[in-house]
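Reminder that position 95 of the sequence shown reads as 100 in the working numbering, one-by-one numbering, no gaps.
Every residue, glycine too, gets a C-beta built ideally from N, C-alpha and C.
Just so you know, these numbers come straight off a predicted model, no measurement behind them.
Okay, so here's the structure we're looking at.
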Amino acid sequence: MDNNRYLTISPSLYVFLKPFLNTHQTWDIKVSNDVYKFDRGKSEYLFKAGAKQKLHDYKILHISYPKRNFINFEKSVFFTDIKDNYLKNMNMEGISESYIENPTHKKIEITSDNDYRSLIEKMKHIKPKSVVIPRKIVCNLNYNKDEIFRLITPINNMSGYYVSAELKKKIEEIGFTGMEFKLLKNLNPSIKVEV
């Protein structure tokens, strides 16, 4: 399931989050997570012989109206490069910092989300294939009053669900588990994020 669009959460976490949510949808589902084990040698999940299947109640959560004005494009910095060069410099954490900081890259001006999306579309038709790469992302958090929201953006590793520091603290105090919180500036170590 695409966790940039949907979250699978326990009913008790949903009850807790509901007062913080704006327009959203949920669906009740049954999930079985007891009958498979991960085999590291084969890198796959295997059915546990003789295991009794237990179904657990969960909810799928979808925040209906994602944020799009989250990034201050005028203060952010982007450059273009040939897609093959970009892919050569990719690793498990993202793009290497030396590649991002390379002064020979052509800086481009982008003033809005629409500009960014339009440029991405144009780049698909340029030969050799080129890509738009963020060097620095500046986020607009001043105008966001939501404790939890969903962001959609084509920028590397930034689409997904976000919670405020206060809501994160409350979730941890109550003891909800099964989720990982990352600071916005740590989503992609090679991209500088200013808040």
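Provide the residue span of the beta strand (DSSP E) that contains residue i, from first to last.
i	result
S69	Unbroken run through S69: none, as it is neither H nor E.
F83	82-87
F21	F21 -> not in any beta strand (DSSP E); alpha helix (DSSP H) instead, spanning 16-22.
S135	135-143
I105	Taken as a continuous stretch (DSSP letters only), I105 belongs to no beta strand (DSSP E), being part of the alpha helix (DSSP H) at 102-105.
Using the DSSP secondary-structure output, state which residues sit across from residue i in a beta bridge.
i	result
Y11	In DSSP, Y11 forms no bridge with anything.
S169	Partner(s): none; S169 has no beta bridge.
L156	K72, G165
If you reduce the DSSP assignment to three classes, tell me which class residue i lands in.
i	result
M6	Reliability of the predicted coordinates at M6 is poor, the pLDDT of 43 falling under 50, and the value obtained from them is presented with this limitation in mind. Note: M6 maps to coil in three-state DSSP.
D151	coil
K35	strand
I76	strand
L189	helix
L92	helix
When you compare only the Cα positions, how much space is there between residue i and residue j?
i	j	result
V136	K59	46 Å
S103	S164	24 Å
L146	M95	29 Å
S188	H61	Before going on, a small fix: residue 188 reads as Leu here, not Ser. Roughly 30 Å separates the two Cα atoms.
H67	Y167	13 Å
S17	I157	26 Å
R122	N74	13 Å
D33	R155	20 Å
I183	S15	Note on residue identity: the sequence assigns Gly, not Ile, to residue 183. If I take the Cα positions, the gap works out to 10 Å.
M128	K88	10 Å
E1	K150	The structure shown does not extend to residue 1, since the chain is modelled only from 6 through 200, so no value can be given for it.
V143	K175	27 Å
I76	R140	13 Å
Considering just the uninterrupted stretch of the alpha helix (DSSP H) at residue i, what are its terminal residues?
i	result
K112	Run containing K112: none in the alpha helix (DSSP H); it sits in the beta strand (DSSP E), 111-113.
I125	118-128
I'd like the list of long-range same chain contacts for residue i, defined as Cβ closer than 8 Å, with 5 residues on each side in sequence excluded.
i	result
M6	Reliability fails at M6, whose pLDDT of 43 lies under 50, so the model's placement of it is uncertain and the value that follows must be treated cautiously. So the list reads T13, I65, once near-sequence residues are dropped.
I113	F83, F84, T85, L124, V137
I179	F21
E106	R140
So, for residue i: in the same chain, excluding its five sequence neighbours on each side, which residues have a beta-carbon less than 7 Å away from its beta-carbon?
i	result
H25	The displayed chain sequence assigns Phe, not His, to residue 25. Correct list, in chain order: E152, I153, L172.
H110	F84, D86
L22	I153
T116	F78, E79
P71	R155, L156, I157
Which residues in the same chain as residue i place their Cβ atom closer than 6 Å to its Cβ, once the five residues preceding and following it in sequence are excluded?
i	result
S169	E152
Answer yes or no: the CB of residue i versus the heavy atoms of the ligand NAP, is any distance below 7 Å?
i	result
D118	As presented, the structure is devoid of all ligands, the ligand NAP included, so that no description of it is given.
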